[in-house]
Amino acid sequence: MGRYSIKELETLSGIKAHTIRIWEKRHGIIAPKRTPTNIRYYSDEDLKKIINVSLLNNYGIKISRIAVMTDEQLNTEIVQLTSTKDDVSIFIDQLVVSMIDMEEEQFEKLLSHLIIKFGFEKTILEIIYPFLEKIGILWQTGNITPAQEHFISNLVRQKIIVAIDALPFPEKDAEKAVLFLPENELHEIGLLFYHYTVKKLGFKTFYLGQHLPYPDLKQVCLTHTPKFVITSITASQKPQKTLEYLQAVIHDFPEIQILASGALVGHSLPESTNFIQFQNAVALKGLLQQG
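As structure tokens, this is what we get:
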């Protein structure tokens, strides 16, 4: 079970700590617990309650009315809200609630609803990415288990793979792109969505996955001579080795455009005519269309 400080509750729910305190004292929305040393903390149930209460309050329902709702009434209002509104923040918060409960059916239904409602690309870019950022906050504060993180990551991963498989095969003379993660880089969801983006543009793709040794990447590039090599570097366990890996790719293949995203790329690499850093899938799409 997660334990949250009031500042963590504020970060995850978007509700100011001062407001949370007022809701506690005046309306009894949640009741913090205390450690043996008298430090206040909040539970998973408190986080879910605050998220749902804030959603309803943001849409004009008075806090005094929300305070007297049963959990069933609160959930009914939330379901109605998610079925009628287009505000993506509603859905991000509901995905967080599903993750905390590890409710696969609830998560699957909501994700499928979002893809139908907004389309696959908008769902990933505007809902799933911000949701995963919140998951990162939960992970950093020790409030989700590895099981919860893997549970959600695998569900999202499956959806992206299904979408990739549904795309048509490229033309025989299509330009080629290689996608990979360097050794010690394991966060694959971003790269999978890049794969979807690249394949949808008609490229012949070679998806090599995570933790790829450099000799293997080098062999693929020598054999298939791609126009682009695409990677994402987010949280390598050995950042210096990862940067050396990327420098080797840039140096050994001057005729290939190396496209990289992620926080680790930064300004640690020398400028090179065949290396471009990009921010996200939208920027990647623009680079590929420019050729």
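When you number the sequence shown by the working numbering, it's gap-free, plus one each residue, and the end is 338. Ideal Cβ positions, reconstructed from N, Cα and C, are used throughout, including at glycine.
I need the boundaries of the beta strand (DSSP E) containing residue i, first residue and last residue.
i: LYS223; result: 223 to 227
i: LYS156; result: From DSSP, LYS156 is part of no beta strand (DSSP E) but of the alpha helix (DSSP H) over 151 to 165.
i: SER308; result: 304 to 308
Hey, out of the options, whose CA is closest to residue i's CA?
i: ILE86; options: GLU119, LEU94, VAL100, TYR51; result: TYR51
i: VAL276; options: ARG81, THR252, PRO286, HIS258; result: THR252
i: SER279; options: LYS247, ILE76, PHE250, ALA328; result: ALA328
i: GLN337; options: LEU248, SER60, LYS265; result: LEU248
i: PRO177; options: GLN141, CYS268, ASP212; result: GLN141
i: LYS181; options: GLN257, LYS219, PHE322, VAL144; result: VAL144
i: ILE62; options: ILE175, ILE98, ILE76; result: ILE98
i: THR320; options: GLU119, SER60, PHE250, ILE305; result: ILE305
i: ASP133; options: GLU119, ASP299, GLY166; result: GLY166
i: LYS285; options: PRO193, SER60, HIS258; result: HIS258
Measure the beta-carbon distance from residue i to residue j and round it to whole angstroms, keeping in mind my assumption that it falls under 8 angstroms.
i: LEU347; j: ILE69; result: Residue 347 is absent from the model: the chain starts at 48 and stops at 338.
i: VAL135; j: GLU196; result: The Cβ separation is near 22 angstroms, so there is no contact.
i: LYS274; j: ALA224; result: 7 angstroms
i: ALA114; j: HIS65; result: Their Cβ separation, rounded to whole angstroms, is 18 angstroms, which puts ALA114 and HIS65 out of contact at 8 angstroms.
Counting only the same chain and skipping the five closest in sequence on each side, list residues whose C-beta sits under 7 angstroms from that of residue i.
i: TYR292; result: PRO229, GLU230, TYR261
i: VAL203; result: ILE175, ILE236
Residues in the same chain with beta-carbon distance under 8 angstroms from residue i, minus the five sequence neighbours each way, listed in chain order, please.
i: ILE297; result: ILE305, LEU316, SER319, ASN321, PHE322
i: THR281; result: GLU232, HIS234, GLY237, GLY309, ALA310, LEU311
i: LYS246; result: ILE211, LEU214, PRO217, THR252
i: THR84; result: none
i: LEU331; result: TYR241, THR244, VAL245, ILE277, LEU306, SER308, PHE325
i: HIS271; result: LYS223, VAL225, PHE253
Can you list, in chain order, the residues of its chain with a C-beta nearer than 6 angstroms to that of residue i? Leave out the 5 residues immediately preceding and following it.
i: ILE191; result: LEU185
Taking the continuous alpha helix (DSSP H) assigned at residue i, which residues delimit it?
i: LYS265; result: 261 to 271
Inspect the CB distances between the region 265 to 272 and the region 190 to 208 and report whether three or more fall short of 8 angstroms.
Contact fails: fewer than three Cβ-Cβ distances are below 8 angstroms.
With a cut-off of 8 angstroms, do at least 3 Cβ pairs link the region 92 to 108 to the region 70 to 84?
The region 92 to 108, when compared against the region 70 to 84, does touch it at the 8 angstroms Cβ threshold.
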